[in-house]
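Chains as they are written, first to last, in the working numbering: chain A, 278 to 393; chain B, 3 to 671.
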């Protein structure tokens, strides 16, 4: 009985990952930028996901989608959770595509103002 | 009308025939004597001078000083001005108050007239304000630069209601403001209509919960005692606002014949700040000296430049990391022991923590997470079991019940009621005596590790600042560093930083001097930034040689933008750079949080953020607003490449003695 539960759980997880990856593959960075604004991600993380005192840096080089998705759905930390009823899987995948599209930042040592 | 005190006064005053000229000369002589006397030293202790060479405020009084402070002061003199409010001006002048900030009002018309005509509009000089909240805010910022309080005058009802929020900020930020509200007590004789609307039985009740002391004098002699007492109470740590209700009848009536023979002005002698109990200091020193992972946390610890030096001495003695919570500039951020970047880890790993004038000890060692479906959030401790907690704070000496600025209750192992800065010399001495002879090597090793941690943290901070460096709207890191690029070689004073720019100035600007950073509002009442910045800039102008810069949020400025006119009118040089994120951003996030919690998509209407939280559509043209009030201005700047050159021009304008404002469209945080 216990083994069956584990198998069912693993199957569900695998299906979820396939589903997630499917969403990611079909995602649009352009739509993601709009969703990033519409759902208020920018409020704490900034328009380019740069982060700040109220939210962590999301881009460039975002964390793996599965990790991000899991956190967004279930967080009990400072960030409020976004459940699927208010942020669809498609929108979340688009947001991730937007974060992936944000170009790398300049080397801080190349910015004179940061080495006064 | 007021009962007149007919009792004979002290012999020094009785029978003296003092002309106005002689009286003022006497005041001047007394002032000079005060500056050179032990009392002068005591005054310096509670009235911080901008000079970094100021002696610590905690020096023990010598015999002469003790005698001077405990003896009965001699009265100064009598006044000969013809009217009650003239005498009031004589009293006020003895307190050496530089400015009176006010929006004019009929309930103090007599004092107003005496200040400018009898008193010559000097000490105090009238600063014309367009809102009472601005009057208090200017005094708030001025004190944090100069260590001297300002006076504000207001209608006792309508004006005081406008002022109340700013007084609460000053209360929470431990700043003295001498507030005087006009009122017309005699219902049988006061003018009907508006003056009666503007009178009340007890105007002070409105602010009694967040003032340290208040009074409603009923005679001129009573006023003299109340004014000197109010000043003395406000200027004794913990510094706090005080309030005097001033009857219009008392102001307007001529000085009675019998009063001319008896009126006197009590001498102001400052009170030495309260110090922590000596046995508790020794106990705390033992814990700190024998700790393996001590942490020092400071909020409003350094009241003066001397406080910064003392805190550095304590930290170096212990080789302990310092977390500066920023109520004042407590610790130089270039010093390797300043470890704000690792605050959470250090607190979590500490075995002994000492908190100095913390506004919220509970939140220093616990965490509240605003999450969870039950709507009450998550509370969790962040320290190890057995961590010893030490505190020195003067706030408990003035705790009141109604307003909750005392925060959640936190039990401490060694809890000392006293002024932290005044207590530091004794604590340092005790710590030095308590460090085990075989403990020096461990201290050096701890210091070396902290040097490396400080350098590593600085590199990480630089890397974080580079993210979105070229973004538009402009990142708050870019905003801060473009400003710093223009002022880093000046003796700058960041007079206010309203809104939230992710702490970039504190993280990346070199802040070694007490006036580099002045802290924030205290009570988080929006509307503090603009007037406090101008008040601090006024102080910096008078001190001379300092450049005042203000990071000004949009929501804060719109509470009372008329204060810009006051700066232009009184020729107060200040550079205000707008952190214009076009929203009440804290509230943007609060509404979003609640929408998420309830599984609803927040309604944006026509804006970027939840309805009711944006300041856009139409966008406010702050450059035009400032220009209309006499400022040099530019913006809105949206392209980061334009920011540096524009700021450079603005800095030159400010150096010439004018106020300038640059509007910048920014990222939210």
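Ideal Cβ placement from N, Cα and C applies to all residues, glycine included.
Item	Value
Separation of residue 587(B) from residue 564(B), as counted between CA atoms	23 Å
Identified DSSP bridge partners for residue 667(B)	582(B)
Which listed residue (89(B), 88(B), 85(B), 100(B)) has its alpha carbon closest to that of residue 543(B)	100(B)
4 or more residues per run - each alpha helix (DSSP H) lying fully within the segment 129-215 of chain B	134-148, 160-174, 196-199
Inside the segment 436-487 of chain B only - alpha helix (DSSP H) runs reaching at least 4 residues	442-468
Beta-carbon proximity check, residue 672(B) vs residue 577(B), cutoff 8 Å	No information on residue 672(B) is available, as it lies outside the stretch 3 to 671 that chain B covers here.
Within chain B, the residues that residue 353(A) reaches when beta carbons sit closer than 9 Å	371, 373, 374, 380
Residue 540(B) to residue 143(B) span [Cα, whole Å]	9 Å
Beta carbon of residue 179(B) nearer than 8 Å to that of residue 84(B)	no
Within 8 Å, strictly: CB atoms of residue 251(B) and residue 188(B)	yes
Any chain A beta carbon closer than 8 Å to residue 584(B)	no
C-beta contact flag for residue 146(B) and residue 520(B) at 8 Å	yes
Closer than 8 Å to chain B by CB, residue 375(A)	no
Of the listed residues 301(B), 603(B), 639(B), 632(B), nearest to residue 318(A) (C-alpha basis)	603(B)
Closer than 9 Å at the beta carbon, the chain A residues around residue 487(B)	389, 390, 393
Residues, ordered as in the chain, of the segment 327-342 of chain A that lie near chain B by beta-carbon distance below 9 Å	327, 328, 329, 330, 331, 332, 334, 336, 337
Separation of residue 253(B) from residue 579(B), as counted between CA atoms	42 Å
Pairwise C-alpha distance: residue 636(B) and residue 2(B)	Missing from the structure shown is residue 2(B); chain B here goes from 3 to 671 and no further.
Length of the line joining the Cα atoms of residue 322(B) and residue 330(A)	25 Å
Three-way DSSP call (helix, strand, coil) for residue 390(B) in this model	strand
Cβ neighbour criterion (16 or more within 10 Å) applied to residue 391(A)	buried
Residue range of the unbroken alpha helix (DSSP H) whose run includes residue 1(B)	Outside the modelled stretch of chain B, which goes from 3 to 671, sits residue 1(B), for which no answer is possible.
Coarse secondary structure for residue 407(B), derived from DSSP in three states	coil
Contacting residues, own chain, Cβ-Cβ under 6 Å from residue 585(B) (five flanking each side not counted)	611, 615, 616, 617
Of the residues 428(B), 372(B), 404(B), the one placed nearest residue 2(B), counting alpha carbons only	Since the first residue of chain B shown is 3 and the last is 671, residue 2(B) is not available in this structure.
Cβ shell of residue 270(B) (< 7 Å), same chain only, five flanking positions each side left out	96, 97, 230, 233, 234
Proximity of residue 647(B) and residue 514(B) at Cβ, strictly below 8 Å	no
Residues bridged to residue 340(B) (per DSSP)	324(B)
CB contact check: residue 350(A) to chain B, cutoff 8 Å	no
Whether residue 353(B) touches residue 389(B) by CB criterion (8 Å)	yes
Any C-beta of chain A under 8 Å from that of residue 427(B)	no
Cross-chain neighbours of residue 362(A) in chain B, by beta carbon under 8 Å	601
With 16 other Cβ atoms within 10 Å as the buried cut-off, status of residue 264(B)	buried
Nearest to residue 419(B) (by Cα), restricted to the options 276(B), 569(B), 581(B), 238(B)	276(B)
Proximal residues, the segment 514-544 of chain B versus chain A, C-beta separation under 8 Å	none
Residue nearest to residue 342(B) in terms of C-alpha spacing, selected from 452(B), 273(B), 443(B), 473(B)	452(B)
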